[in-house]
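Engineer:
Protein chains: 2
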Amino acid sequence: MRTLARTPAADGYHMPAEFEPHDGCWMLWPERPDNWREGARPAQRAFAAVAAAIAQFEPVSIGVSGPRFTEARALLDARIRLLEMSHDDSWMRDVGPTFVVNGRGGVRGVDWHFNAWGGLNGGLYFPWDQDELVARKVLEVEGRERYRAPLVLEGGAIHVDGQGTALVTEETLLNPNRNPQLTRAQVEQHLRAYLGVTQVIWLGRGVYNDETDGHIDNLACFVRPGEVCLAWTDRARDPQRAISQDAWERLHDARDARGRRLKVTRLPMPGPLTMSASEAAGLALREGTKPRPAGDRLAASYVNFYIANGGIVMPLLDARTDPAAARVLKRLFPGRRVVGVPAREILLGGGNIHCITQQVPRGTRRRSPSVR
Amino acid sequence: MRTLARTPAADGYHMPAEFEPHDGCWMLWPERPDNWREGARPAQRAFAAVAAAIAQFEPVSIGVSGPRFTEARALLDARIRLLEMSHDDSWMRDVGPTFVVNGRGGVRGVDWHFNAWGGLNGGLYFPWDQDELVARKVLEVEGRERYRAPLVLEGGAIHVDGQGTALVTEETLLNPNRNPQLTRAQVEQHLRAYLGVTQVIWLGRGVYNDETDGHIDNLACFVRPGEVCLAWTDRARDPQRAISQDAWERLHDARDARGRRLKVTRLPMPGPLTMSASEAAGLALREGTKPRPAGDRLAASYVNFYIANGGIVMPLLDARTDPAAARVLKRLFPGRRVVGVPAREILLGGGNIHCITQQVPRGTRRRSPSVR
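Residue numbers (the working numbering), protein chains in the order written: chain A, 1 to 372; chain B, 1 to 372.
This is the structure:
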């Protein structure tokens with residue numbers, strides 16, 4: 001695999017929107033018992049259900065550590081491709097490559113620096129050296145060339161419309177535990193260079209108590225160019241209320257790269273949901289890993305869905321609110337089939353379906369055998 | 001990845017000859033310090049040179065254990081695809097899948113049982129559980145369906161002409177440390193079912209002191225249908241002489257699946273070569289691994305080359321005999337470029353270039369994205 005010296009923008013590449021066609025989807029297998037209760041078995045079943053749901057729409061590849069290979073294989077649908085890939089945890093959105101395209105079938109990958117959402121200053125675990133290698137390993141398997149971006153960033157911290165606009169939060173991208181040496185202008189400059197965008201829309205904080213430091217992918221996402229869906233609550237005394245209100249106002253005032261105002265749809269949030277005592281008791285304690293006490297408010301949001309070819313795979317989190325959320329998503333994506341997957345076990349680990357997936361945009365075939 | 005219930009022959013599949021077109025080649029990274037001297041660094045350089053030589057002709061993928069990933073990447077040509085894959089040692093020919101085709105672009109893989117060349121009765125190391133998983137992991141990456149063959153066999157123990165004939169040795173296939181419960185007729189029946197052949201040509205013993213128990217791929221191979229190349233020595237008192245003479249006579253008497261007599265070319269062997277005291281001193285001793293003492297006769301043979309698309313990658317083993325061997329190979333393969341790679345370090349580990357490679361025959365694209 002070749003690592004390229006320039007930037008995607010300089011080479012005519014940009015990140016396509018998630019709602020554009022995919023060649024497939026990557027995931028990682030949840031394993032660590034200090035983040036996934038009961039030795040990760042309930043999470044593994046949930047991840048397997050997500051993978052099976054996505055595999056109805058597009059090919060799914062999952063990375064698993066060597067020792068867990070045969071166990072994972074036994075839980076997974078036969079259509080799913082399982083590959084050995086070490087990792088520190090299972091958030092492919094954040095540790096995987098961000099794919100960029102050139103509009104002529106070319107696909108390449110951006111490999112960001114990763115520091116476990118904050119490094120030694122608020123990060124969630126130590127070490128994270130295997131996570132740091134995941135993006136390049138995915139690119140090796142895919143046979144795609146790599147850009148190494150010179151800043152700490154996670155895939156869940158960015159959304160794009162595929163037409164020149166990025167959507168991010170200040171809480172993540174300007175957090176001193178990511179790139180304290182960079183100004184806002186310098187961060188924007190890197191987003192332009194590595195995502196091929198010309199306009200960056202900044203929201204403020206992410207979902208309340210989101211341990212990623214407010215990833216955009218739990219708060220808001222593009223539904224199509226010019227249209228955004230936003231996690232919303234009407235509960236006046238919920239600390240989430242002011243966050244969603246501020247985001248709504250910023251989105252209302254924003255213009256995208258083509259000068260459009262954005263249409264914003266409010267997607268009601270579940271809960272509030274908290275971690276139960278029995279759930280917390282299922283977690284192993286490990287030095288260096290942020291503990292998850294019982295009673296912790298969970299950063300539950302229906303915005304954390306995955307857009308597949310022809311489908312939406314959404315988290316089911318609360319029987320009282322799931323049907324309404326599904327109705328909104330069906331309305332937002334009339335051309336796609338909305339599939340719900342029970343996802344509380346994923347939420348307990350700190351994220352949801354979008355966080356554990358990474359799409360590969362459609363491209364021309366990678367490995368051209370030189371047969372003579 | 002799906003495991004199929006029937007057999008390749010029943011499904012219209014057969015193993016194509018190595019000289020037919022490839023989609024690529026698989027290898028594994030040498031790591032274990034009890035088999036590769038000086039912490040495997042000299043062998044790693046040799047494997048990297050083999051991979052670079054093959055990559056001139058076709059795509060190369062290499063499996064490496066997680067802890068050695070970045071070291072291997074640093075030694076390898078950028079064209080080579082590196083994938084994490086645990087293994088007990090680095091003999092992809094023997095632990096990888098044997099690919100079969102249906103002549104209409106379909107490619108599948110046969111996953112044989114593996115017992116480290118003899119299990120607890122003369123095998124070379126213990127355990128071999130990671131080797132046993134390599135074939136299915138390769139098939140996962142390639143997106144190819146799998147047959148699980150019900151017998152112990154290694155890829156180096158079989159050669160085929162792609163037209164219905166298999167070439168094997170009794171020393172390997174009838175060894176009591178492989179499948180003691182099977183008769184010769186039953187072994188043949190399995191070869192018919194899993195390789196799609198109708199005729200099996202049995203040679204007797206393999207190369208002298210070959211610790212694989214006489215793999216065919218160190219002794220003889222098909223050059224094209226109806227033509228075989230045989231490791232040969234004129235040294236009358238060399239124990240190899242009687243082995244080669246017997247093989248020559250059996251090949252002379254044989255008919256292939258189409259009723260043809262075989263043309264046999266003698267490929268002179270190097271040496272005899274032995275392991276030096278300093279080479280033996282570079283090996284770590286580990287319980288359960290067969291020791292390699294100084295003075296051991298090495299199973300050196302030029303027949304252990306790899307046929308790539310448009311190329312032959314041959315081992316260089318002895319400056320006194322390399323040029324003559326290269327001349328024979330150039331004559332045997334007029335349409336291919338013969339590339340020599342210094343291979344003594346591979347030989348010291350117990351095999352050579354053919355043993356560390358496994359071709360993927362040409363097929364139609366595996367993973368068809370269902371984009372709507």
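Glycine included, C-beta positions come from ideal geometry on N, C-alpha and C.
Can you tell me whether DSSP reads P369(B) as helix, strand or coil?
Structural biologist: Confidence at P369(B) is low in this model, with a pLDDT of 39, below 50, so the placement of that residue should be treated as unreliable; the coordinate-derived value is given next. The answer is coil: DSSP assigns P369(B) none of H, G, I, E or B.
Engineer: Consult DSSP for Y13(B) and reduce its assignment to one of helix, strand or coil.
Structural biologist: If DSSP states are grouped into helix, strand and coil, Y13(B) belongs with coil.
Engineer: Please classify Q358(A) as buried or exposed, where buried requires at least 16 neighbouring CB atoms within 10 angstroms.
Structural biologist: buried
Engineer: In whole angstroms, what is the alpha-carbon distance linking R6(A) and A149(A)?
Structural biologist: 10 Å
Engineer: Grab the span of the beta strand (DSSP E) containing T70(B) for me, first residue to last.
Structural biologist: Element bounds for T70(B): not the beta strand (DSSP E) but the alpha helix (DSSP H), F69 to L75.
Engineer: Count the other C-beta atoms from every protein chain shown that fall within 10 angstroms of the C-beta of S244(A), then say buried if there are 16 or more, exposed otherwise.
Structural biologist: buried
Engineer: If you measure from the beta carbon of A78(A) to each beta carbon in chain B, is any gap under 9 Å?
Structural biologist: yes
Engineer: Residues in the same chain with beta-carbon distance under 6 Å from G295(B), minus the five sequence neighbours each way, listed in chain order, please.
Structural biologist: T274
Engineer: Taking beta-carbon pairs under 8 Å, can you tell me which members of the segment 95-106 of chain B lie near chain A?
Structural biologist: none
Engineer: Along the segment 79-90 of chain A, where does the CB come closer than 9 Å to a CB of chain B? Name the residues.
Structural biologist: R79, I80, R81, L82, L83, E84, M85 and S86
Engineer: If you measure from the beta carbon of R224(A) to each beta carbon in chain B, is any gap under 9 Å?
Structural biologist: With 9 Å as the cut-off, R224(A) does not count as an interface residue toward chain B.
Engineer: Since C229(A) and T265(A) are thought to touch, with beta carbons under 8 Å apart, how far apart are those beta carbons, to the nearest angstrom?
Structural biologist: 5 Å
Engineer: Can you tell me the Cα-Cα spacing of E211(A) and V303(B), whole angstroms?
Structural biologist: 60 Å
Engineer: Kindly confirm or deny that the segment 88-107 of chain B and the segment 145-161 of chain B touch, where touching means at least three C-beta pairs closer than 8 Å.
Structural biologist: yes
Engineer: How would you write the range of the alpha helix (DSSP H) that E132(A) sits in, first residue to last?
Structural biologist: D131 to E142
Engineer: Would you be able to state if there are at least three C-beta pairs under 8 Å between the segment 132-142 of chain A and the segment 107-114 of chain A?
Structural biologist: yes
Engineer: Going along the chain, which residues of the segment 160-174 of chain A sit with their C-beta nearer than 9 Å to a C-beta in chain B?
Structural biologist: Identification of residues in the segment 160-174 of chain A having a C-beta nearer than 9 Å to some C-beta of chain B yields an empty set.
Engineer: In whole angstroms, what is the alpha-carbon distance linking A9(A) and G164(A)?
Structural biologist: 11 Å
Engineer: Shorter than 9 Å from the beta carbon of K137(B) to some beta carbon of chain A?
Structural biologist: Taking Cβ atoms only, chain A reaches closer than 9 Å to K137(B), which makes this a yes.
Engineer: Taking the Cβ atom as the reference point for each residue, do V50(B) and I353(B) lie within a distance shorter than 9 Å?
Structural biologist: yes
Engineer: With H, G and I counted as helix, E and B as strand and the rest as coil, what does DSSP make of A277(B)?
Structural biologist: helix
Engineer: Which first and last residues belong to the beta strand (DSSP E) in which L317(A) is found?
Structural biologist: For L317(A), no beta strand (DSSP E) run applies, since DSSP gives it neither H nor E.
Engineer: From this set, G340(A), L329(A) and I312(A), which residue's C-alpha is nearest A319(A)'s C-alpha?
Structural biologist: G340(A)
Engineer: Can you find at least 3 beta carbon pairs, one from the segment 115-126 of chain B and one from the segment 53-73 of chain B, that sit closer than 8 Å?
Structural biologist: Fewer than three Cβ pairs drawn from the segment 115-126 of chain B and the segment 53-73 of chain B lie within less than 8 Å of each other, which leaves the two stretches out of contact.
Engineer: Closer than 9 Å, CB to CB, is V141(B) near chain A or not?
Structural biologist: yes
Engineer: Determine the contact status of L312(B) and V338(B), defining contact as a CB-CB distance below 9 Å.
Structural biologist: Checking the displayed sequence, the identity of residue 312(B) turns out to be Ile instead of Leu. Cβ distance < 9 Å, so I312(B) and V338(B) count as in contact.
Engineer: Could you have a look at G24(B) and say whether DSSP puts it in helix, strand or coil?
Structural biologist: Collapsing the DSSP output to three states places G24(B) in a strand.
Engineer: So L219(B) packs on A247(B), CB below 8 Å; how close in whole Å?
Structural biologist: 6 Å
Engineer: Would W36(A) and M92(A) be called neighbours here (beta carbons separated by less than 9 Å)?
Structural biologist: no
Engineer: In terms of DSSP beta bridges, what is W112(B) paired with?
Structural biologist: W112(B) is not bridged to any residue.
Engineer: Roughly how many angstroms lie between the CA atoms of E18(A) and S90(A), to the nearest whole one?
Structural biologist: 20 Å
Engineer: Verify the CB distance criterion: does Q130(A) have a CB-CB separation below 9 Å to chain B?
Structural biologist: Interface residue (Cβ-Cβ distance to chain B less than 9 Å): Q130(A) is classified as such.
Engineer: What does R4(A) pair with, by DSSP beta-bridge criteria?
Structural biologist: In the sequence as presented, Arg is not what sits at residue 4(A); that position holds Leu. Per DSSP, Y147(A).
Engineer: Whole angstroms are fine: how far does the CA of R362(A) sit from the CA of P369(B)?
Structural biologist: Its pLDDT being 39, under 50, P369(B) is placed unreliably by the model, and nothing is read from it.
Engineer: Label Q240(B) either buried or exposed according to how many other C-beta atoms from any shown protein chain fall within 10 Å of its C-beta, with 16 as the threshold for buried.
Structural biologist: buried
Engineer: In the DSSP assignment, find the unbroken beta strand (DSSP E) run with F99(A) in it and report its ends.
Structural biologist: T98 to V101
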